[in-house]
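Structure, as structure tokens:
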Amino acid sequence: MLTPLESGFFDVISGLPLHPLVVHFAVVLLPLAALGLVLLVIVPKWADRYGLLTLLALAGGTAAAFVAKESGEALASHMGMPATHAAWGDQLPFLSVGLLVLAVAWYVLHRRNSSGGRPRSAATTILGVLAALMALVVTGVTVLVGHTGAEAAWSGTAVAGGQASVAAAPTASGSAKTPSASASASASSYTMADVAKHADASSCWSAINGNVYDLTKWVNQHPGGPRVILGLCGKDGTSGFVGQHGGQSRPETVLKGFLLGPLS
């Protein structure tokens, strides 16, 4: 059964997860706009020409950060939640809003001073310093969000969630062999040597919590792409699964649909 996030606006577009599509806007626009703002504070005369463009880029990056946060939570319902990435990702949109408010306030004061031919006021200077400092914070957090997200996608820290997302995906074809596989589990056992022989997309087995599972049919159906499941193939995936889903009943139930038999 689909959860609200799984069926919501932030889940997928044309069958593709929204999160990896929109996150690039945030991790590119926010640092560029933030560093651009720092330059404008340092060289105020550039603000007359590039100030509005910088604010628009910052607003776009802030909006992208919010969409990335919501779509990331929707994707987590399929893949599991990489804790470090999620923690930084939750903070980024609100830090971005703070930066946007400071940037707009600074720009308004700057334009008043500039249009009136007055020297820079103390309030403008203070707001400029605060905005520049916040811009550096936002840039740093954006880098951390991007880095931890890349680690989760490429190193398999979110791999265990691949099994959790099976609940919404396997159709009759995806789970056709489940009854026979489950029924024969007591009659067959497998070794890690057996598992190691099935380590690619054509045949992907993984050992989890003392049992062996055939994830082959899920490799190309996984919302996060095949690389996530391929990270489990031919090896013991227990640590990844427990790290993401320990104590959660739904992923455990879903995982049973791919059961081959016990690990001897």
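Numbered by the working numbering, the letters in the sequence shown go through residues 130 to 393 in order. Don't be surprised by glycine CBs; every beta carbon is placed ideally from N, CA and C.
Residue j and residue i - do their beta-carbons sit closer together than 9 Å?
i      : j      : result
Gly366 : Ile337 : yes
Phe154 : Gly201 : no
Val348 : Leu389 : no
Leu265 : Ala234 : no
Leu384 : Met321 : no
Leu169 : Thr268 : no
Ala163 : Leu228 : yes
Pro173 : Arg247 : no
Leu166 : Ala260 : yes
Tyr236 : Leu181 : yes
Out of the options, point me to the one whose CA is closest to residue i's CA.
i      : options                        : result
Gly339 : Lys326, Trp235, Glu381         : Glu381
Val226 : Thr268, Ile255, Gly246, Leu187 : Leu187
Leu273 : Ala322, Ala232, Ala216, Val151 : Ala216
Val258 : Trp334, His327, Gln220, Ile171 : Ile171
Ser368 : Ser317, Ser335, Gly218         : Ser335
Met263 : Ala251, Ser244, Gly275, Ala232 : Ala232
Gly386 : Ala279, Asp329, Leu344         : Leu344
Cys362 : Ala251, Val371, Cys333, Leu185 : Cys333
Arg356 : Gly275, His276, Ala330         : Ala330
Let me know the secondary structure DSSP gives residue i once reduced to three states.
i      : result
Ser331 : coil
Lys198 : helix
Lys174 : helix
Val226 : helix
Kindly identify the DSSP beta-bridge partner or partners of residue i.
i      : result
Leu388 : Tyr342
Ile337 : Asn340
Gly364 : The residue asked about is misnamed: residue 364 is Lys in this sequence, not Gly. In the DSSP output, where bridge partners are listed per residue, Lys364 has Ser335.
Tyr236 : In the DSSP output, where bridge partners are listed per residue, Tyr236 has none listed.
Tyr319 : Leu392
Shorter than 8 Å, the distance from the beta carbon of residue i to the closest heavy atom of the ligand PLP, or not?
i      : result
Val266 : This structure does not include the ligand PLP; it has no bound ligands of any sort.
### Query
Okay, do the region 191 to 201 and the region 166 to 181 touch, 3+ Cβ pairs below 8 Å being the bar?
no
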